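Residue 102 in the working numbering sits at position 80 of the sequence shown, with consecutive numbering throughout.
Only one structure is covered here, and it is reproduced in the block below.
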Amino acid sequence: MLGLLRYRFSADCSSVNINLYTLELINQEMLLYSNLLLMLAAVIGFIMIFIGLHYHRRSFILVIGHVLFAVIGLASLLYEITREFISQYNIAAAVLLMLTLVVGAILAALRDNKQPPPMPAVTVHAIIGLTGITLLLLGSYQSF
Numbered sequence: 023m024l025g026l027l028r029y030r031f032s033a034d035c036s037s038v039n040i041n042l043y044t045l046e047l048i049n050q051e052m053l054l055y056s057n058l059l060l061m062l063a064a065v066i067g068f069i070m071i072f073i074g075l076h077y078h079r080r081s082f083i084l085v086i087g088h089v090l091f092a093v094i095g096l097a098s099l100l101y102e103i104t105r106e107f108i109s110q111y112n113i114a115a116a117v118l119l120m121l122t123l124v125v126g127a128i129l130a131a132l133r134d135n136k137q138p139p140p141m142p143a144v145t146v147h148a149i150i151g152l153t154g155i156t157l158l159l160l161g162s163y164q165s166f
């Protein structure tokens, strides 16, 4: 009986090691997906700035895409932070990205039907967001 327990214990330990390695790969992939989603949100944001400055219009579809990519990217980053300890850069990035989300919500609340939001507020939103994404990239580089 004791030999059987030792065999099961050793088999369980090896499967736990394999599972931990698999979880580590999944966690790194989630961090990569978070980076990609947030960078895609930034690219859409720059396209919205271009449309707002040159055509003095807003695209509702681009706004929805920008918000969805940013919220999903931030949610995956927060999920990753709560699952395991990652770099301090990533935690600081999450705080800045949450602040960016608050500023973006204020921009959405101040919106006029077809007019773009005030450019100083958009500039603050973009600077905070890009700083957060830069910190996230630094933290991701440090973890790989």
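Glycine included, every Cβ here is placed at the ideal spot set by N, Cα and C.
Small disclaimer: the values here were computed from a predicted structure and weren't measured.
* To do: Could you confirm whether any beta carbon from chain C is found closer than 9 Å to the beta carbon of Ser162?
  => Of the protein chains in the structure, only one exists, and it is not chain C.
If you measure between the beta carbons of Ile113 and Ile103, is that distance less than 9 Å? yes
Evaluate the contact criterion for the stretch 137 to 153 versus the stretch 117 to 126: three or more CB pairs, one atom per stretch, below 8 Å.
Result yes; three or more Cβ-Cβ pairs closer than 8 Å.
Between Gly87 and Pro138, is the Cβ-Cβ spacing less than 9 Å? No, Cβ-Cβ distance for Gly87 and Pro138 is not below 9 Å.
(request) Can you grab the Cα-Cα spacing for the pair Arg109 / Ala115, in whole Å? (result) First, the residue type needs correcting, since residue 109 is Ser and not Arg in the sequence shown. Roughly 10 Å between the two C-alpha positions.
Item to check | Assigned secondary structure, Pro138 (DSSP; H/G/I helix, E/B strand, else coil) | outcome: coil
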